[in-house]
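First residue of the sequence shown: 8, per my numbering; consecutive thereafter. Where is the CB? At the ideal position from N, CA and C, for every residue including glycine.
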Amino acid sequence: SRTVYRPSSSASRIPHRVAEVFSNENASKKELTAFFNEALVSFDQISVQAGRPHDLGFALAFFAGVCIGVSTENEVEESAILAAATQMDRILAEQPDIASASNASKKDFAEVLACMAIFALAGHSQAEEEGNSEAADTFRQFGREAMMEIIGVDTHQLQMDDQGIHILQ
């Protein structure tokens, strides 16, 4: 069973909150908030195209796929993200705190995951396009650290394919 949440009619507070984590300077906070608002619109489109809108399992799988892809420089296919989303559905279903979490909590968590993933993906892509290897390294490291922080596993110990996520031995 899927862990879904209802979308809210009011503007999300997550873009501003995530921006505050990245910067304490007002101008850059404003820019980051705008970026994260756009990131959520992009993620909504991606999740709708994948047939998994407003879905925490998909948000976790997307986050993992981006972090693994960016930090190991191995592009993760959409089919792998969808397979991982099915794995995440099973894992989330076994977590009593997730099942009892409020709609807002599930939505906020999914939005944080989406913001972090799109930040890593957009930053890494832009750095690569500009030939800025130092910035690309920074975003690779960000993807790796974000995965450690949220999922607790190093991206270099993981692989994603059509069967989902696997821990490398």
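DSSP bridge partner residues for residue i (one or two, in chain order)
i: Leu165; result: Ile174
i: Val11; result: Asp62
Buried versus exposed call for residue i [16 or more other C-beta atoms within 10 Å across all chains shown]
i: Ile98; result: exposed
i: Arg59; result: buried
i: His173; result: exposed
i: Val28; result: exposed
i: Gly171; result: buried
i: Leu175; result: exposed
i: Ser35; result: exposed
i: Ser140; result: exposed
i: Ser16; result: exposed
Option in the options with minimal Cα separation from residue i
i: Ala143; options: Met155, Ser15 and Phe126; result: Phe126
i: Asn163; options: Val11, Thr93, Gly76 and Glu135; result: In the sequence under discussion, the amino acid at residue 163 is His, which differs from the Asn named in the question. Measuring from the Cα of His163, the nearest candidate turns out to be Gly76.
i: Leu128; options: Phe146, Asn139 and Glu141; result: Phe146
i: Leu39; options: Ala111, Thr93, Gly138 and His23; result: His23
i: Leu120; options: Asp51, Ser30 and Ala18; result: Asp51
i: Pro14; options: Phe42, His61, Asn31 and Ser30; result: His61
i: Ala18; options: Glu84, Ala111, Thr79 and Gln94; result: Ala111
i: Glu82; options: Lys37, Phe149 and His131; result: His131
i: Gln148; options: Thr79, Glu45 and Glu135; result: Thr79
Cβ pair residue i, residue j closer than 8 Å
i: Leu63; j: Lys113; result: yes
i: Leu47; j: Glu101; result: no
i: Cys122; j: Val11; result: no
i: Ile21; j: Asp115; result: yes
i: Ala87; j: Asp161; result: no
i: Ile158; j: Ala57; result: no
i: Met154; j: Ala91; result: no
i: Arg9; j: Cys74; result: no
i: Phe69; j: Ala108; result: no
i: Phe42; j: Ser54; result: no
Proximity test, residue i beta-carbon vs the ligand SAH heavy atom, cut-off 7 Å
i: Leu128; result: Ligands in the displayed structure: none, and consequently the ligand SAH is not present.
Complete runs of the alpha helix (DSSP H) confined to the region 61-94 [at least 4 residues] | 63-79
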